[in-house]
Amino acid sequence: MAIKMPELPEVQTVVNGLKPMIIGKKIIRIKPIWHKVLENFNESIFENNPQAHEIIDVTRRAKFIILHFTGKILAIHLRMTGKLFVTKKNNIPIHCTVVVFFESGERLVFEDTRKFGRMYLYTDFLNIDSRHGIEPLDEVFTETWLIEGLKNRKRNIKSLLLDQSFISGLGNIYVDESLWYAGIHPFSKSNMIPLQNIINLREGIILILQKAINSRGTTIIDFTFLNGQSGNYSKELKVFGKNKKPCDKCSDIIFKTRVAGRGTYVCASCQEIFV
DNA sequence: CCATGAACCTGGTCGC
DNA sequence: TGCGACCAGGTTCATG
């Protein structure tokens, strides 16, 4: 039931799991436990108005989980350690930052050890949509789009791929995995990467994300979620977290370094530096 | 435009 | 066993 880890596949997994559980339910109250969790609204908006707060859809945009009402959306960002689960129990677990109460008696609990996660209320989906870049699993994420995008910037490639206003949904794990797939060293500059590597990068991003979604993400805690199934993609990782281990392709030793302020895993034999 | 580092938080791990 | 240093899959903001 509780899910951890928030890149695109994990957020999509949460959305897929949440959908059948909360669509059609009406919110009667939102109770913040951590005072900063509601970023841009007050819980009083949700008091005494369940008819206006029936959840009509649950979707994902970038790394946001979005609950749709008529004329309103509630956007949830898990950040580093956020987890969501639906329960009928009335205890408030440790590290819970907010509880959403449904008319049915069930609750949506937001657990978040580091307290970075937030909820946002908007009247318009465009508000979130316009601040984020292309969805990598959307058909408009074409070779041409990526070629142009990389050419038009002179940026460290890892930093660019992590930039949510460029491509939305990628995080530290899947960027490292995608760069390894495409044979691109994370030290590379976006405008210096050869055509074939860019084509491979796009292919890698799509394949890896799709496979990770099919595996229900890299990590999921708590087996009671999604009928007891758990995330499996950690078994498929090729470089991330593989410090001092042999590379799958060439058996050279993978090492850990730091790029764009993030821990970064590289096979120096398979991944070429383009600068 | 781009890179870097700090800030927001808590807990796990590693070395001594 | 204890303790400090460092790290963590995210994002934003200030600074050079």
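Residues 0 to 274, numbered by numbering that gives the first Met the number 0, are exactly what the first sequence covers, in order.
The beta-carbon is built from N, C-alpha and C at its ideal position, and this holds for glycine as well.
Query: Hey, out of E110, L200 and Y121, whose CA is closest to L145's CA?; Result: L200
Query: Identify the residues that DSSP records as bridge partners of I245: which are they?; Result: Reading the sequence as shown, one finds Pro at residue 245 and not Ile. Answer is I252.
Query: How close, in whole Å, do the beta carbons of S167 and G132 come, if the pair is a contact with beta carbons under 8 Å?; Result: 5 Å
Query: When the Cα atoms are used, what is the spatial distance from I274 to N242?; Result: What sits at residue 274 in the sequence shown is Val, not Ile. Roughly 24 Å between the two C-alpha positions.
Query: Just grab the DSSP bridge partners of E53 for me.; Result: K25
Query: Looking at Y121: is its Cβ nearer than 7 Å to the Cβ of I72?; Result: yes
Query: In whole angstroms, give me the CA-to-CA distance for I21 and F165.; Result: 31 Å
Query: Which residues in the same chain have their Cβ closer than 8 Å to the Cβ of R113, if we skip the five residues on either side of it in sequence?; Result: R78, M79 and T80
Query: Report yes or no: do the stretch 22-37 and the stretch 178-188 share at least 3 C-beta pairs separated by less than 8 Å?; Result: no
Query: I'd like the ranges of any beta strand (DSSP E) spanning at least 3 consecutive residues and lying wholly in the stretch 108-191.; Result: 117-121
Query: Skipping 5 residues on each side, what residues in its chain have a beta carbon closer than 8 Å to that of Q109?; Result: Looking at the sequence shown, residue 109 is not Gln but Phe. Result list for F109: V36, I75, G81, K82, L83, C95, T96, V97, V98, V99, G116 and M118, in chain order.
Query: By Cβ distance, which residues of its chain are closer than 7 Å to Q163, with the 5 residues on each side in sequence left out?; Result: A61, H131 and G132
Query: How should T69 be labelled, buried or exposed, when 16 other C-beta atoms within 10 angstroms of its C-beta is the threshold for buried?; Result: exposed
Query: In three-state DSSP terms, what is R60?; Result: strand
Query: Sort N47, R106 and E42 by Cα distance to F87 and report the nearest one.; Result: It is Lys, not Phe, that sits at residue 87 in the sequence shown. K87 has its Cα closest to that of R106, out of N47, R106 and E42.
Query: Taking 7 Å as the cut-off, decide whether the C-beta atoms of L7 and L208 are in contact.; Result: yes
Query: Quickly, what does DSSP pair E271 with across the bridge? List them, please.; Result: I183
Query: In angstroms with no decimal places, state the Cα-to-Cα distance between C269 and F239.; Result: 14 Å
Query: Can you look up A259 in the DSSP assignment and give me helix, strand or coil?; Result: coil
Query: To the nearest whole angstrom, what separates the beta carbons of S103 and A259, a pair I think is in contact under 8 Å?; Result: Not quite, the Cβ-Cβ distance comes to about 44 Å (not below 8 Å), so this is no contact.
Query: Name the DSSP beta bridge partners of L236, please?; Result: Beta-bridge pairing links L236 to no other residue.
Query: What are the boundary residues of the alpha helix (DSSP H) that I207 is part of?; Result: L194 to N213
Query: Going straight from the alpha carbon of N41 to that of I29, what length do you get?; Result: 9 Å
Query: Would you say N196 and A181 are within 7 Å of each other, going by their C-beta atoms?; Result: yes
Query: Count the other CB atoms within 10 Å of the CB of T223; is the residue buried (16 or more) or exposed (fewer)?; Result: Its pLDDT being 35, under 50, T223 is placed unreliably in this model, and the coordinates cannot settle the point.
Query: Below 8 Å on the Cβ atoms is my guess for L149 versus N190; work out the distance and round it to an integer in Å.; Result: 6 Å
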